[in-house]
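J.: Under my numbering, residue 522 is the last one in the sequence shown; the count climbs by one each step, no gaps. Idealized CB from N, CA, C, for every residue including glycine.
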Amino acid sequence: MLDLKAELNELGIPFEPIGWIKAPAYPYGIFTDEMTIRGSDLPSAAKVITHNVNIEVYHKEYDQLLTARDKLAAWADYRALTYRLRTLYMGDEDHYCVTLASTFTEKKGMI
Numbered sequence: 412m413l414d415l416k417a418e419l420n421e422l423g424i425p426f427e428p429i430g431w432i433k434a435p436a437y438p439y440g441i442f443t444d445e446m447t448i449r450g451s452d453l454p455s456a457a458k459v460i461t462h463n464v465n466i467e468v469y470h471k472e473y474d475q476l477l478t479a480r481d482k483l484a485a486w487a488d489y490r491a492l493t494y495r496l497r498t499l500y501m502g503d504e505d506h507y508c509v510t511l512a513s514t515f516t517e518k519k520g521m522i
C-alpha cells in the first residue's frame, strides 16, 4: 500500500499524518489520507484503494512557501494526479500555508 509519509518526506520537508505534537522548524507539513478499499476480504486478493488526500505545508516566509508549493506540485505531476492547490496566510498562527487536495486510485494485487 502507498506510503504517503515516505514519499512526502523525500521532498525535503518533514511530514506527519494529521498533526505534530510540537511543530519543527519551518517548513513542515501534515497530511490526511482517507481511504476507501474495495475488493476481497482475503489478505492476498486484489484490492482497489481510493485515496482522498489533503496535504498542508507551513512556512513563515511567503517566497519559501512558494518553493514548497512547487515541490508539492512536482510530486503530484510525477504521479500524474489531478489536484487543487491553494495558498493562504494564517494570521492567528502568523505563517503561510499551501494545501494540495487530490483523489486518486491505487490498485493492489492482481486486477
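In the DSSP assignment, find the beta strand (DSSP E) that holds D444 and state where it starts and stops.
T.: Counted from its first residue, the sequence shown places residue 444 at position 33. From DSSP, the beta strand (DSSP E) with D444 extends over Y439 to G450.
J.: If we count the other Cβ atoms within 10 Å of its Cβ and call it buried at 16 or more, is G430 buried or exposed?
T.: The residue labelled residue 430 in the question sits at position 19 within the sequence shown. Exposed is the call here.
J.: Please list, in chain order, all residues of the same chain as E517 whose beta carbon is under 6 Å from its beta carbon, the five residues on each side excluded.
T.: On the sequence shown, position 106 is the one that residue 517 refers to. Correct list, in chain order: L413 and I460.
J.: Check K471 in the structure and name its three-state DSSP category.
T.: In the sequence shown, counting from the first residue as 1, residue 471 sits at position 60. If DSSP states are grouped into helix, strand and coil, K471 belongs with coil.
J.: What does the alpha-carbon distance come out to for the pair L511 and L483?
T.: Residue numbering aside, residue 511 sits at position 100 when the sequence shown is read from its first letter. Residue numbering aside, residue 483 sits at position 72 when the sequence shown is read from its first letter. Answer to the nearest angstrom: the Cα atoms are 7 Å apart.
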